[in-house]
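Residue numbers (the numbering used here): 3 to 358.
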C-alpha cells in the first residue's frame, strides 16, 4: 500500500498557529526501556496561538524531519514523493501574542504513535486560543528526536513486554474480541472489562502511571519555560488518543491541577477502586470500542458524556485518517467531518471549564 500523506490545512479560529519543540529530561527517573540507561526523556511539540499578521510572508513548517518521516513511512506503509515533506497549518518559532495568556491542554499520543499524531486537532485548538503541549514518550513512540540531535525508535521488545509469547498474544486477541461483543449496562460492561484488564493488561496499567509522571514533568518544565503565556488560573486540560486518552482520565482522577479531560477512543485502563471522578470528562469512541470505556460514564459526580462516532475505526481518530486509504483500518466517515466533530467535542469541554 502506498499513498501520499494529506494532512488537511484547515483551522477555524481567529489565530494562526506557531510551533516549537524541545526536550524535557527527568533526572529523578532512570529509563528502563530501550538500552535501559540514562534519565527518562520526553519530546515535546508545542502548538500556540499567534497573530495572523505575524505569519505574513512565512512558509508553513514541515510536520516531520526526513528521518522521522522515514520511520513513520516504515511503520504505516505509506510513501511521500521524493524530496517532499508534508507541511502543517503552523509556523515555526513565531512570536507569541503579546499581553495575552491562554489555557494549557496536554495531548498524549497512543501507544506506538508519535507526538505529531494529531496535528489537525492540536492546530485547531491552538487557533481557538489554547496552548497545546503534545508529548512524545521515549521508546514508546514510533520515533523521537531531541535537542542534542539524538534520535530513537520504538523499543523492539515492547510487544514481548506487553504480551509475552505468541500464544499469550493470540489468547489475548481472542478474549478481547469476545469482550467487545458483550452486552449489558455500563456497570456490567465495566465489571467484565475490569476482570479482563486485571488478568491480561498489567503492563499497560503500569505504563499509564509512567506516562502520567512524564506529563507532570513536562508541566513542571512549562511552568518556567512558558509561564508568561499560559493561564493556569482554571487548571489544565488533558486529552489524548488510545492509551493517551486513558492517561487523560488518570490525570483527572489523580492530579488536582488537571481540571477536565477528553479521552479519544482509549480503553479506560487502571485501578480506580473506590474512586469517584470529580472532574468534567468526555469520552469519545467508535461503536466497537464502547465496552472498554464505560468506566468513564459511571462513578462520577461531574459532567460525563460519551460521544459515539459511527463508521469509525480506532486508528482513524488521528492523522492516520489522511495517511491510510483503507476504510477497514480508519473507518468510513469522511476525514474532515470526523475532525470537525472531534474538535467540537473538545471545545464543548475546554471552552466551558478552562475558559468559562
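Ideal Cβ placement from N, Cα and C applies to all residues, glycine included.
Check, Outcome
"Cβ contact check for the region 180 to 191 and the region 252 to 271: 3 or more pairs under 8 Å", "no"
"6 Å CB neighbourhood of residue 358 in its chain, flanking five on each side removed", "none"
"As assigned by DSSP and simplified to three states, the class of residue 198", "helix"
"Nearest residue (CA-CA) to residue 31, options 283, 253, 306 and 218", "218"
"Under the three-state DSSP convention, the category residue 3 falls into", "Confidence in residue 3 is poor, its pLDDT being 36 and thus under 50, which makes the residue's placement too unreliable to answer from."
"Short Cβ contact (8 Å threshold) for residue 117 with residue 133", "no"
"Residue from 330, 77, 105 and 70 whose Cα sits closest to the Cα of residue 151", "70"
"Cut-off 6 Å between Cβ atoms - residues of its own chain near residue 311, not counting five sequence neighbours on either side", "288"
"Distance, residue 232 Cα to residue 282 Cα", "21 Å"
"Pick from 252, 253, 246 and 279 that is closest to residue 267, judged by C-alpha positions", "246"
"Helix, strand or coil at residue 230 [DSSP, three-state]", "coil"
"Rounded C-alpha distance that separates residue 278 from residue 89", "43 Å"
"Per-residue burial, residue 179 [other beta carbons within 10 Å of its own, 16 or more giving buried]", "exposed"
"Whole-angstrom C-beta distance between residue 93 and residue 18, which should lie under 8 Å", "7 Å"
"Contacts around residue 248, its chain only, beta-carbon distance under 7 Å, and the 5 residues preceding and following it disregarded", "210, 265, 268, 269, 270, 271 and 272"
"Spatial distance of residue 257 from residue 292 (CA atoms)", "26 Å"
"Nonlocal neighbours in the same chain, by C-beta distance under 7 Å from residue 121, ignoring five residues either side", "9, 65, 90 and 321"
"Three-state class that DSSP yields for residue 155 in the structure shown", "strand"
"Burial state of residue 20, where buried means 16 or more other Cβ atoms lie within 10 Å", "buried"
"Reference residue 97, options 58, 36 and 78, closest by Cα", "58"
"DSSP-derived helix/strand/coil call for residue 284", "strand"
"Residue(s) in a DSSP beta bridge with residue 302", "279"
"Of the listed residues 163, 181 and 74, nearest to residue 146 (C-alpha basis)", "74"
"Where residue 176 sits in the DSSP three-state scheme", "helix"
"Helix, strand or coil at residue 13 according to DSSP, with G and I counted as helix", "coil"
"Cβ shell of residue 334 (< 6 Å), same chain only, five flanking positions each side left out", "313"
"Pick from 318, 275 and 326 that is closest to residue 301, judged by C-alpha positions", "275"
"Selection from 103, 42, 306 and 27 that minimises the alpha carbon distance to residue 251", "306"
"Exposure of residue 241, with buried meaning 16 or more beta-carbon neighbours within 10 Å", "buried"
"Where the beta strand (DSSP E) containing residue 43 begins and where it ends", "41 to 52"
"Residues near residue 148 in its chain [Cβ-Cβ closer than 7 Å; skip 5 each side]", "25, 43 and 45"
"C-beta atoms of residue 112 and residue 244 nearer than 8 Å", "yes"
"Residue burial classification, residue 338 (beta-carbon count within 10 angstroms, cutoff 16)", "exposed"
"Backbone secondary structure at residue 249 - three-state DSSP", "helix"
"Endpoints, beta strand (DSSP E) assigned at residue 106", "106 to 110"
"Opening and closing residue of the alpha helix (DSSP H) in which residue 343 lies", "337 to 352"
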